[in-house]
Amino acid sequence: MAVTAEQVKTINPLVPIKGKVIKIVQETPDVKTFHISTMDDQKPFDPMPGQLGMLSLPAVGEGMFSITNKGENHIEMAIKAVGQLTNALHEIEVGQEVGIRGPYGNGFPVDYCKGKDILFIGGGIGLAPVRSLIMHCIKNRDEFGKLTVVYGARSKADLCFKEDLFENWPQVPNMDVFVTIDREEEGWDGHVGFVPAYVEELAPKPQVTILCGPPIMIKFTLPTLQKMNFADNDIITTLEMRMKCGIGKCGRCNIGSCYVCLDGPVFTMEQLKDLPPEY
Amino acid sequence: MKTIAKAKLPLVLELLAKEYKVLVPAKFEGVTRFTPYQQDVELALEENVIMPPKDIFFPQTEKMYKFKAKDKSLEIEEYPLEDAMQIIFGIRSCDMKSIDCLDQVFLTKSYVDPYYKNKRDRSILVALSCIEPMDSCFCTSMGIDPQKAVGADIQAYDLGDKIGFEAISDVGKEILEKISSLLTEEEVTLPAVGEFNLNADVEGVPEKLKEMFDHPIWDDISRKCLNCSACAYVCPTCHCFDIANEVRGEDGVKIRCWDCCMFDEYTMMAGGHQPRPGKKERVRNRFLHKLRYFPERYDMLLCTGCGRCVVKCPVNMDITSIIRQIKNA
Chain B
1 MAVTAEQVKT INPLVPIKGK VIKIVQETPD VKTFHISTMD DQKPFDPMPG
51 QLGMLSLPAV GEGMFSITNK GENHIEMAIK AVGQLTNALH EIEVGQEVGI
101 RGPYGNGFPV DYCKGKDILF IGGGIGLAPV RSLIMHCIKN RDEFGKLTVV
151 YGARSKADLC FKEDLFENWP QVPNMDVFVT IDREEEGWDG HVGFVPAYVE
201 ELAPKPQVTI LCGPPIMIKF TLPTLQKMNF ADNDIITTLE MRMKCGIGKC
251 GRCNIGSCYV CLDGPVFTME QLKDLPPEY
Chain V
280 MKTIAKAKLP LVLELLAKEY KVLVPAKFEG VTRFTPYQQD VELALEENVI
330 MPPKDIFFPQ TEKMYKFKAK DKSLEIEEYP LEDAMQIIFG IRSCDMKSID
380 CLDQVFLTKS YVDPYYKNKR DRSILVALSC IEPMDSCFCT SMGIDPQKAV
430 GADIQAYDLG DKIGFEAISD VGKEILEKIS SLLTEEEVTL PAVGEFNLNA
480 DVEGVPEKLK EMFDHPIWDD ISRKCLNCSA CAYVCPTCHC FDIANEVRGE
530 DGVKIRCWDC CMFDEYTMMA GGHQPRPGKK ERVRNRFLHK LRYFPERYDM
580 LLCTGCGRCV VKCPVNMDIT SIIRQIKNA
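Chains B and V are the protein sequences, given in the same order.
Just so you know, our numbering puts 103 at position 103 of the first sequence, and the rest follows in order with no gaps.
Basically our numbering = 1-based index in the second sequence + 279.
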């Protein structure tokens, strides 16, 4: 049975339940999306957009990942191979049994975004958390205004979720998708250039912006957004820190007196201004 | 007040040990710490123990669950929780306050830590007052009364050659009933507490630190730190932990163990990003956590003035002088 965020607080929140990988999608050379169900083909839990899950190969380790989408009977995590656990995850095959616990964290302010035009800005694997909210908006299309996605990656091969970017999302009513890559390459006739400059060039007029990507992209996109006269609480991003417990006890993911696992990972620019710049 | 001669205290412990696991401050393998009571135990009641009581509730290493991983299959099994009640005798006021701090972390803010809660729920706490502060003590500076602990089931009083007992909670009353045949009822006057060698004025420090993240003081404070983490291991309130595996073939155990914000690995992320890259950032985080972040989150300081870090630091870092530096900055 899928458990809710409230229910997980009444069971041992540090012990994963057993799940299985039912599908693996190779997104880029170093990113795969894992679809995970319980052993009886249920969603392991019911995450809100932007929430996190702790995925483990217990003999290797456990890591916190954003949940990029949920289906009727599964959750999806898009994972880049960068370390010991993630490299091991890239070796597994469909049918692998894994440990899974969650959902953790605050998630995106879905109610606040209702009725508004939303600009989603993603860079590289940073589209993974943003995608959970995009998918939510698409499933509940009437509840949100215009959706605009600006997404960039280093190269064509490094673009995540290509099927969504080029086939699914452009067909959604009142939704624009703009994709860019860092450098010219053969077989690419789309936009070339960095995300911050592309956003400035497109000059969209949304009411709220969801921004997630490498720190360098966020650093250079913020001045652009400020030029567009966004209020600080209408610029929303996600942060990551190393995590172990996921429930605000083990200490390491603190930024000031906030724990990213519990109080984050979603923060507005207004909240970030009150936190030490230590992330 | 019910009292007993100090020399006869083992009779009380003996009696309680028939029914409960009783942990007492004692010298064990050269280190003073809380140790299960047995007849030949070397009681250490003159000074506070060097190892704080936190490991009773939050062991240095603790098994969380076991698993079996073979090919694609995985089995996860939890360990049964213990239910035997235990008595911890002789916890000083500073360490009683540290248990209050740990309770905030492990039992509040949305999630309850079941491992901690289990041990906490089956523990009966007997606090013991102090008369003569050690050279490194400064509990009164942290708002703690060395003669009156928070959260005790029984408050015991050091009366010189006697020990007095006052039941605070219902379970404390029950325990006192059980040992009442060994105790004498008499009028007592609490002895005055001696002078403190160390002092710190924390008034306004959490608020002042809000504006001091980029202050040059942190370069100065952190310069001599070795990032050895001895301070965190002897600290009664430091509670950070790591989660790791011990794997033998197909069988594995998930364990958690004490960790420390002084270590590089503590915040190092897969892919190499390090949000606190040097000792300045780590030392700053440690002291901001104790004096600003924890008060912001839980409305209390994360220092009890026990002085253990002052004693054990190999380069003589002293939190009272750091507080003074902050006040004077």
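Positions of the beta carbon are idealized from the N, C-alpha and C atoms, including for glycine.
ask   = Among residues of its own chain, excluding the 5 on either side of V/M558, which ones have a beta-carbon nearer than 7 Å to its beta-carbon?
value = One detail in the question is off: residue 558 of chain V reads as Lys in this sequence, not Met. Only S501, C504, N506 meet the Cβ criterion.
ask   = What do you get for B/P58, buried or exposed, if any count of 16 or more other CB atoms within 10 angstroms of its CB means buried?
value = Burial state of B/P58 is buried, judged by a 10 Å Cβ sphere holding 16 or more other Cβ atoms.
message = To be precise: take each residue of the region 249–264 of chain B, compare its Cβ to all Cβ atoms of chain V, and keep it if any distance is under 7 Å. Which residues remain?
response = So the close ones are K249, C250, G251, R252, N254, G256, S257, L262.
C-alpha gap between B/N328 and B/K23, whole angstroms = The requested residue 328 of chain B does not occur in the structure, where chain B is confined to residues 1 to 279.
request  = Confirm, please, whether the CB-CB distance from B/Y279 to B/I255 is below 8 Å.
outcome  = The Cβ atoms of B/I255 and B/Y279 lie closer than 8 Å to each other.
query = DSSP three-state call for B/H74: helix, strand or coil?
reply = If DSSP states are grouped into helix, strand and coil, B/H74 belongs with coil.
query = According to DSSP, is V/V303 helix, strand or coil?
reply = Secondary structure at V/V303: strand, using DSSP grouped into helix, strand and coil.
Selection from B/K32, B/I100, B/M135 that minimises the alpha carbon distance to B/G71 = Looking at the Cα atoms, B/M135 is the closest of the given residues.
ask   = Does any CB atom of chain B fall closer than 8 Å to the CB of V/L353?
value = At least one beta carbon of chain B lies nearer than 8 Å to the beta carbon of V/L353.
ask   = Under three-state DSSP, which class holds V/P315?
value = Reduced to three states, the DSSP call for V/P315 is strand.
inquiry  = Can you check which of these residues, B/G115, B/K18, B/P265, B/V82, is closest to B/G105 by C-alpha distance?
reply    = Each of B/G115, B/K18, B/P265, B/V82 was checked against the Cα of B/G105, and the nearest Cα belongs to B/P265.
query = With burial defined as no fewer than 16 other Cβ atoms inside 10 Å of the residue's Cβ, what is the status of V/G262: buried or exposed?
reply = Because residue 262 of chain V is not part of the residues shown, which for chain V are 280 to 608, the question remains open.
ask   = Would you say B/V98 and B/V21 are within 8 Å of each other, going by their C-beta atoms?
value = Between B/V98 and B/V21, the C-beta spacing is below 8 Å.
task = Answer yes or no: does any C-beta atom of chain V fall closer than 8 Å to that of B/Q96?
result = At least one chain V Cβ lies under 8 Å of B/Q96.
task = Helix, strand or coil for V/V450, going by three-state DSSP, please let me know.
result = Correct three-state label for V/V450: helix.
key: Within the region 493–563 of chain V, ranges of the alpha helix (DSSP H) (whole runs, at least 4 residues)   = With a minimum length of 4 residues, the unbroken runs of alpha helix (DSSP H) contained wholly in the region 493–563 of chain V fall at 496–501, 509–513.
task = Rank B/L272, B/V208, B/P277 by C-alpha distance to the C-alpha of B/G115 and give the top, closest one.
result = It is B/V208.
message = Three or more C-beta pairs under 8 Å: does that hold for the region 379–386 of chain V against the region 571–585 of chain V?
response = In this structure the region 379–386 of chain V touches the region 571–585 of chain V; the number of beta carbon pairs closer than 8 Å is three or more.
query = Can you find a C-beta in chain B that's less than 8 Å from the C-beta of V/S501?
reply = With 8 Å as the cut-off, V/S501 does not count as an interface residue toward chain B.
key: CB-CB length for B/V149 against B/Y198, believed under 8 Å   = About 11 Å separates the two Cβ atoms, so there is no contact after all.
Bridge partner(s) assigned by DSSP for V/A435 = According to DSSP, residue pairing for V/A435 in a beta bridge involves V/L407, V/F444.
key: Partners in chain B for V/M547, counting only beta-carbon separations shorter than 7 Å   = Against V/M547, the close residues of chain B are R242, in the order they occur along the chain (beta-carbon pairs closer than 7 Å).
key: V/S508 burial status per 10 Å Cβ neighbour count (16 or more: buried)   = Flag for V/S508 reads buried.
query = Can a CB atom of chain B be found closer than 8 Å to the CB of V/D392?
reply = For V/D392, the answer is yes, since a Cβ of chain B falls inside 8 Å of its Cβ.
request  = Give the DSSP bridge partners of B/K244, in chain order.
outcome  = Beta-bridge pairing links B/K244 to no other residue.
ask   = Can you give the beta carbon distance from V/Y344 to V/E361, rounded, assuming they're within the 8 Å contact cut?
value = Not quite, the Cβ-Cβ distance comes to about 15 Å (not below 8 Å), so this is no contact.
task = Please go through the same chain and pick out, in chain order, the residues whose beta-carbon is closer than 7 Å to the beta-carbon of B/T268, but skip the five residues on each side of it.
result = D232, N233, I235, I236.
key: Contact with chain V by B/V31, beta-carbon distance below 8 Å   = No - not a single Cβ of chain V is within 8 Å of the one on B/V31.
request  = Report the neighbours of V/I367 on chain B: residues whose CB is nearer than 7 Å to its CB, in chain order.
outcome  = Within chain B, no residue comes near V/I367; the closest Cβ sits about 22 Å away, beyond 7 Å.
task = Alpha carbon to alpha carbon, how far is B/K18 from B/Q84? Give it in angstroms, no decimals.
result = Approximately 21 Å, taken between the alpha carbons.
task = My understanding is that B/T28 touches B/A157, with C-beta atoms under 8 Å, so please give their C-beta distance in whole angstroms.
result = Here B/T28 really is in contact with B/A157; their C-beta atoms are around 6 Å apart, less than 8 Å.
query = Can you name the residues of chain B whose CB is closer than 8 Å to the CB of V/F520?
reply = Within chain B, the residues near V/F520 are K244, C245, K249, C250, G251.
inquiry  = Under 8 Å, CB to CB, which of the residues in the region 370–404 of chain V have a partner in chain B?
reply    = Residues of the region 370–404 of chain V whose Cβ lies closer than 8 Å to any Cβ of chain B, in chain order: V384, F385, K388, S389, Y390, V391, D392, P393, Y394.
key: Backbone secondary structure at V/I601 - three-state DSSP   = In the structure shown, V/I601 adopts helical secondary structure according to DSSP, grouped into three states.
inquiry  = For chain B, check one thing: does any of its Cβ atoms lie closer than 8 Å to the Cβ of V/A348?
reply    = Taking CB atoms only, V/A348 has a neighbour in chain B less than 8 Å away.
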